[in-house]
Structures are given as structure tokens and as C-alpha cells.
Amino acid sequence: MNRLISLSGSAPLDEVHFRSARLQESLSENSTGSVFLESDSALLNADDFLGKNCCLAYETREKTKRYFDGVIVEMEQVSMSSVGRCAYRLELKSWTWLLGKNQEFRVYQNKTVPGIVSEVIGRHGHSSVRFSDRTMGAKRVWEYVVQYGESDLNFIRRILEQEGVYFYFEHGEGQHTLVLADSSSTHQVFPGYANLAYDPASQSGRLTPEETITSMSLKKSIEPPRHAHTDYNFKTPSNSLLVNSQGKAESYNSAYEVFEYPGEFENEGEGTHYSKLRHEESQARQQTFNASTSARGVATGHLLNTVCKDNPALSKTLLVIGTLITVHESEPEASGGAQSDFDCQFEAIESSQPFRPERKSRKPQVKGPLPALVVGPEGREIHTDEFGRIKIQFYWDRYGKHNQDSSCWVRVASPVAGKGWGFVAIPRIGQEVVVSFEDGDPDRPLVTGVAYNAEQTVPYPLPEHKTVSGWRSQSSEKGSPSNFNELRFEDKIGSEYVWFQAEKDYLSLIKNNSNTEIRGHSHSLIHGNLIEEIKADVSRTVLGQLSQQIDKALHLTVNDDVLAKVQGLLGLTNNGQIAISTTGQCSLKSQGSTDLDAAGNLNLSTSAQGNLKAGSSLKLTAGSSLSLNVGGSSIVISASGIKFSGPAVSVNGSAMGGDASAASPSPPEAALAPEMVEPPIDPIP
């Protein structure tokens with residue numbers, strides 16, 4: 006007995022008989038088949054069938070085999086007859102259906118979409134997995150793509166839809182191959198079915214020498230003729246990325262435009278490409294052909310030339326985008342032999358119209374900020390680029406290696422950012438950062454904050470120092486916790502202070518005035534040198550006492566006058582010599598007494614005239630002798646008498662003068678030592 010359908014596969018099919026099937030395929034959809042079987046056994050175990058391969062084969066008019074292959078994903082015992090026969094339903098799916106049975110978080114970097122799809126399906130070890138990439142235009146290398154809490158199936162479908170890539174299946178004996186395509190030029194006719202006549206008078210369902218299309222209709226719908234897209238690229242912020250695609254406008258659709266943001270592109274060239282894809286997506290199903298046929302070689306993903314003598318408008322080269330095949334075999338007992346019915350309903354578009362899959366696979370949105378870890382090359386403490394971007398690894402990432410390959414470069418938000426000005430603090434490797442996402446897109450992370458945790462703790466113990474705020478850095482690389490710069494504020498009432506620490510140098514530039522008012526004391530402790538250069542005047546007022554101590558020499562150079570005014574005592578104490586030298590006049594004037602007292606000799610000498618004048622009396626007293634010498638004349642006064650010598654000597658008078666008063670200058674008061682300065686003590690050690 007000849008049967009239309011034969012069954013084979015890894016499932017135990019020896020005890021079943023085929024009765025009917027409903028086989029459905031569409032571009033960018035899983036293949037689906039409902040197969041109804043009969044068996045004399047009511048004890049078929051579903052566990053022996055599920056996950057196994059089942060292949061239906063039927064003969065075409067060219068006497069070749071056509072196959073529909075799938076994985077059994079569901080089995081149901083639907084009925085049992087009075088004579089003990091059981092009816093079963095097997096649900097077949099393409100192996101890609103299994104990709105929808107997981108949920109994953111994973112990062113893909115620097116790959117094309119076909120490359121990502123190949124990697125995803127390569128991880129599935131099902132025996133039915135086969136894959137063929139026939140794309141021609143999906144060459145963009147995506148820097149960063151995230152599979153975020155979604156199945157492998159949803160993930161690959163949505164990225165294929167984004168790129169305008171569709172898929173279909175080529176069935177063989179015991180296998181089916183996933184084919185990626187993006188151009189009708191890669192499609193071929195099914196062997197033996199290059200042309201198919203449209204003959205509405207023919208009957209469908211019986212195998213006849215001439216298979217025909219029995220019914221055919223043309224459907225047209227309203228779609229927007231214009232598409233506009235834009236995006237933003239921080240590397241070219243001033244460049245507009247707005248692009249437009251314009252199709253043929255009719256009176257019924259000319260008012261409509263679709264505008265999308267973000268367009269998920271980085272430059273105008275990419276934008277033009279994606280705008281074209283979006284326009285082709287809307288136009289792909291604007292005009293479709295729907296037909297019924299008895300032909301067994303009409304297959305999704307293949308070309309077909311229709312021939313209609315009565316209506317040339319229906320004579321087209323079509324791309325079949327969907328098929329629904331129903332097959333039924335009657336029981337041999339009912340008619341003396343098995344009778345088979347075959348019908349195929351298909352949907353097609355003109356092959357000149359590019360097909361693009363509808364973007365209906367949902368892209369997950371991140372509902373809020375996520376924590377992540379700053380990562381980078383081993384041994385580094387800071388890893389960044391010219392934009393201050395960093396690398397991160399999310400805590401959901403099971404596959405990242407906590408290094409510079411864990412993510413793309415991620416921008417870091419700043420409290421202030423301007424053209425060459427603003428605030429910069431690069432998050433360091435090991436820190437926890439808070440990551441937001443532009444428009445909730447997992448492919449577009451943006452670091453918006455940094456958070457402390459049990460390992461990355463606060464610099465000031467809490468809640469003890471809850472009134473303290475500030476900023477403390479840490480020296481890099483290989484700085485210890487004690488190596489840092491810091492600016493800190495204590496706001497506890499009555500204990501307020503500002504603390505500043507420069508770990509090494511403190512450099513400042515004030516381009517105009519500096520005004521400081523200190524209402525208490527000011528203490529400075531300098532362990533090295535103090536070097537100051539003042540290019541104008543110095544004016545200093547001390548209302549109290551000024552004390553200075555110099556342990557070594559004091560060198561003072563004045564290129565002009567030195568003027569000092571002292572209202573009280575001016576005292577100068579020196580344990581060594583005092584030398585005063587001037588190239589001009591030296592004057593010493595006192596409103597009171599002037600005393601000179603020398604423990605050693607006292608010498609007064611002048612190269613010119615010497616004058617000693619007293620307004621009242623002048624007394625000279627010497628303990629041993631007093632000598633006056635002018636030229637060859639001299640007077641020597643000693644305790645033994647007075648001796649005159651000279652060319653002529655005259656003596657007059659008889660009175661004697663008293664002794665001169667001894668000089669008794671008051672000693673200067675000792676200088677007060679300045680207060681010792683202690684280094685500042687950190688209130689939070």
C-alpha cells in the first residue's frame with residue numbers, strides 16, 4: 006500500500022501509523038508541526054518521544070523526497086477507540102524552539118550579529134542543530150551587546166530583526182538547517198518547481214501530473230512612506246545624526262511618518278543604513294500574495310514563478326514567506342486503500358521587494374540602576390581612556406574574567422563637566438559603581454555614582470562621625486591607606502573645622518587678591534625652608550608683641566633706606582662683635598644721656614677734623630694717664646704730675662676741674678623667645 010507520508014527519526018515510530026499533519030513555516034519563525042498518529046498500543050511512553058527527532062517525508066512530482074523535520078516537544082494521547090486503538094498527537098518544533106527554554110545574562114563584544122548567533126547556537130548540543138549564514142549586508146561589528154534576562158531565542162531573534170536579517174529552515178532527511186539571509190538574491194527555487202501555473206479551475210488535493218495554484222489573491226495595506234531616525238554619539242556631539250528614508254507616497258498615506266530615537270547607530274552612514282532597513286521593514290508586507298495549491302514543492306524561503314495567462318498582474322517572481330501545509334491519510338479499512346489529501350496555503354511577496362522581519366521580539370529594559378565592579382588589567386589600580394571611561398563587570402556576569410575585556414568602555418557621569426573644566430574623579434579598580442542605562446537600554450551603560458560596601462568602606466567611622474563630610478583620595482600606584490590627599494568638613498555644632506592634607510606638594514595660584522581673616526590664633530610649622538619673593542611692598546601691623554628667634558645667622562640686604570621708629574626702649578644684646586660701616590655720614594643723636602662703656606680699649610679715630618664739644622663742661626678722666634698730642638707738642642697728665650713739652654709752653658690759671666663721670670649705660674632687656682609651634686593634630690586619626 007502506497008502512503009503519501011512516511012515517518013522516520015530517533016523517536017520509536019515503529020508502532021504508530023500516520024493519519025494527518027498540519028505543518029506551518031514562516032520567515033523568522035520557528036517551524037511548527039502537529040502530527041496525528043494511531044497505534045494499537047495504549048502504553049506509549051511520552052518520555053521515549055520527547056526531545057527526539059521526527060521527520061516526515063513525502064514525494065514531489067519530480068519523484069524526489071521533500072522533508073519536514075522537527076524535534077518532538079509535546080505528546081498527547083487524544084483518544085482511544087472501542088477496539089483499543091489510540092490516537093496520539095505529536096507537536097514538532099524546529100530545534101530553535103529549544104533556545105526559548107532558558108534565560109541568560111551574557112555580554113558579547115566586537116562581533117557581528119551573525120557571529121553572535123553562531124556563538125549562541127554553538128553552545129547547544131542538540132543533535133539537530135545546524136546553521137548556515139548566507140547574509141550579505143549584516144557586517145557591522147557591534148562593540149557591546151548584552152543578553153539581559155532573556156532566552157537565547159528571544160535574544161537572537163531581536164538582534165536579527167535589528168539588522169534586518171531573517172531566517173528560515175531547509176529540511177533534509179533527519180535534519181533541518183537554520184539559514185540566515187538578508188537578500189532575495191540568496192534564495193533559489195525548490196527543485197522542479199521553478200514555475201507554477203495559476204489555474205482556478207483545477208482541484209486541489211490529489212496528486213496529478215500537473216500541480217497548479219488553485220486560488221490566489223493580492224492584499225495591499227496602508228504603511229507610512231517616510232521614516233526618520235536619529236541618535237547621539239558623545240564622540241561627535243555637535244554632529245546631527247538625523248537621517249530620513251522616503252518611499253513612494255500615495256494620497257492615502259502621504260501624511261504619515263515614523264520617527265525613532267534612539268536609532269542605535271553611531272554615525273550618519275550607519276544611520277542611513279538602518280533607516281533604509283526600517284523603511285523596508287514597513288514595506289515588506291504592504292503588498293502580499295496569498296494562494297492555495299496542491300503543489301508539494303512550494304516551500305518557505307524559496308522562489309517561485311507564477312504563471313497566469315488570464316491576469317498578467319499575477320505572473321510574478323515571488324519569494325515565499327510563509328506556508329501552511331495540511332496532509333491527511335484515510336484509514337485503509339474505510340476505502341479499500343489509503344487515500345491522501347494534500348493542500349498548501351502560502352503567502353509571498355515579490356522577490357524585488359526586500360523582506361525584513363518585523364521587530365516584535367522585545368528588547369529587555371533595565372528597570373533601574375545596577376551595581377557593578379570596576380575592573381581592568383591585572384596589577385593596575387586605575388584603567389581609563391582619554392574620555393575618562395572605565396571598564397566594569399556586572400554582578401550578574403558569570404562569564405567575565407574581571408579584567409579589561411569584561412565590558413566596553415563605559416562613560417562616567419560627573420557633577421560638573423565643561424569644555425576643559427569641571428570635576429574629575431576616575432573610579433578605580435575594585436570600587437563598586439552605580440550604573441544607569443540610557444533609555445533603559447542594557448547595551449548603553451552609564452556610570453552615575455560610586456557606592457561603599459563592606460570591603461570598600463567609608464573613610465570616617467560611622468555613625469560616630471556622621472557630621473563629617475569631605476573628600477579623601479588615595480595615592481596611586483601602590484599607595485597605603487596613610488597616603489592620601491584630603492579636604493574634610495566637620496559640621497558638629499561647637500566643633501566645626503576644615504581639614505586639608507596634601508600628601509606631597511601643595512601648589513596654588515591666585516591670579517588676583519588673597520584676603521584672609523583669622524579671628525583667633527594662626528600657627529605655622531615649616532620643617533624645611535621658607536622662601537618668599539614679594540614683587541611689591543609689604544605692610545604689616547602688629548598690635549601686640551612681635552617675638553622672633555633665629556638659631557643661625559640673619560642676613561639682611563636693603564637696597565634703599567632702613568627706617569625704624571621705636572616709641573620705647575631699643576635694646577640690642579650681642580655676645581660677639583658689633584661692626585657698623587657706612588660710606589656716608591653716621592649720626593648718633595640722643596635727647597638724654599649717651600653712655601659708651603667698653604670693657605676693653607675705646608678708640609675714636611677720624612681721617613679729617615675731629616671735634617669734641619660740650620655745651621657746659623667737658624671732663625676727661627683716666628685711671629692712669631691722659632695724653633694730648635698735637636704735632637711736636639704734648640701734655641701728659643698722670644698721678645705723679647703734669648708734663649708739658651713743645652717748642653713753647655704757656656701756663657695760665659690756677660683752678661682744677663673735677664673728675665669726669667663714669668659711663669654707666671643700662672643693659673638692654675633680653676629678647677623674649679617666640680612660642681613653640683606644634684604640628685596640627687588630626688581629630689580623626
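Mind the numbering: the sequence shown is residues 6 to 690 in our numbering, read in order.
For glycine and all other residues, C-beta sits at the position ideal for the given N, C-alpha and C.
Among the options, the one whose alpha carbon lies nearest that of residue i
{"i": "S86", "options": "D348, E43 and K321", "result": "E43"}
{"i": "T626", "options": "V134, I642 and L512", "result": "I642"}
{"i": "Q590", "options": "P119, A613, D602 and V571", "result": "A613"}
{"i": "E215", "options": "K224, Y198 and M221", "result": "Y198"}
{"i": "N272", "options": "L246, L559, T117 and Q29", "result": "L246"}
{"i": "A603", "options": "G620, D236, L623 and Q582", "result": "Q582"}
{"i": "R111", "options": "D565, M141, D74 and K406", "result": "K406"}
{"i": "L319", "options": "S220, T462 and Y72", "result": "S220"}
{"i": "T69", "options": "L568, G651, S592 and G302", "result": "G302"}
{"i": "E168", "options": "H526, T277, P242 and E683", "result": "T277"}
{"i": "K368", "options": "D236, R163 and V125", "result": "R163"}
{"i": "C59", "options": "V83, A26, E352 and G89", "result": "A26"}
{"i": "P450", "options": "S256, V371 and K424", "result": "V371"}
{"i": "S630", "options": "G636, L623, S645 and G637", "result": "S645"}
Through-space distance from residue j to residue i, alpha-carbon basis
{"i": "E460", "j": "V78", "result": "48 Å"}
{"i": "S156", "j": "L104", "result": "7 Å"}
{"i": "I531", "j": "E383", "result": "40 Å"}
{"i": "V150", "j": "F160", "result": "10 Å"}
{"i": "K618", "j": "S595", "result": "15 Å"}
{"i": "F136", "j": "P420", "result": "49 Å"}
{"i": "R385", "j": "I434", "result": "7 Å"}
{"i": "H181", "j": "I121", "result": "20 Å"}
{"i": "N606", "j": "G615", "result": "19 Å"}
{"i": "R24", "j": "R94", "result": "10 Å"}
{"i": "S46", "j": "V21", "result": "8 Å"}
{"i": "S36", "j": "G177", "result": "14 Å"}
{"i": "G56", "j": "W100", "result": "9 Å"}
{"i": "P317", "j": "W102", "result": "40 Å"}
{"i": "G373", "j": "N244", "result": "29 Å"}
{"i": "S411", "j": "T472", "result": "38 Å"}
{"i": "L692", "j": "Q152", "result": "The structure shown does not extend to residue 692, since the chain spans only 6 to 690, so no value can be given for it."}
{"i": "H470", "j": "I498", "result": "12 Å"}
{"i": "N458", "j": "Y400", "result": "14 Å"}
{"i": "S133", "j": "E96", "result": "16 Å"}
{"i": "F505", "j": "E491", "result": "6 Å"}
Simplified DSSP assignment, three categories, for residue i
{"i": "A51", "result": "helix"}
{"i": "N580", "result": "coil"}
{"i": "Q350", "result": "strand"}
{"i": "Y465", "result": "coil"}
{"i": "N159", "result": "helix"}
{"i": "K281", "result": "helix"}
{"i": "R24", "result": "strand"}
{"i": "E318", "result": "Sequence check: residue 318 is Ala here, not Glu. Reduced to three states, the DSSP call for A318 is helix."}
{"i": "S698", "result": "Here the chain covers residues 6 to 690 and nothing more, so residue 698 does not appear."}
{"i": "T5", "result": "Residue 5 cannot be examined here, being either before or after the span of the chain that is shown, 6 to 690."}
{"i": "E124", "result": "helix"}
{"i": "I397", "result": "strand"}
{"i": "E175", "result": "strand"}
{"i": "Q506", "result": "strand"}
{"i": "K70", "result": "strand"}
{"i": "G75", "result": "strand"}
{"i": "V547", "result": "coil"}
{"i": "D138", "result": "strand"}
{"i": "W2", "result": "The requested residue 2 is not part of the displayed model; the chain covers only 6 to 690."}
{"i": "G637", "result": "coil"}
Spatial neighbours of residue i in its chain, beta-carbon cut-off 8 Å, leaving aside the 5 residues before and after
{"i": "P432", "result": "V379, I395, V417, V438, V452 and V455"}
{"i": "I354", "result": "A289, R290, Q292, T293, F294, L323, L324, I326 and F360"}
{"i": "A51", "result": "M80"}
{"i": "T217", "result": "L201, A202, Y203, D204, S207, T298, S299 and A300"}
{"i": "S11", "result": "F23, L61, A62 and Y63"}
Same chain, Cβ closer than 7 Å to residue i, five either side skipped, listed in chain order
{"i": "Q251", "result": "P230 and R231"}
{"i": "N115", "result": "V146 and E148"}
{"i": "H307", "result": "H192, Q193, V194, F195 and V325"}
{"i": "S480", "result": "N488, F489 and E508"}
Contacting residues, own chain, Cβ-Cβ under 6 Å from residue i (five flanking each side not counted)
{"i": "E1", "result": "Any property of residue 1 remains undetermined from this structure, which presents the chain solely from 6 to 690."}
{"i": "R364", "result": "E166"}
{"i": "I640", "result": "L633 and F649"}
CB contact below 8 Å: residue i versus chain B
{"i": "D204", "result": "Checking the listed chains, one finds no chain B in this structure; it contains a single protein chain."}
Next item on the list: Report yes or no: do three or more beta-carbon pairs, one from the stretch 353 to 371 and one from the stretch 390 to 410, lie closer than 8 Å?
Entry: no
Check: Taking one C-beta from the stretch 477 to 487 and one from the stretch 511 to 522 each time, how about it: are there three or more such pairs within less than 8 Å?
Finding: no
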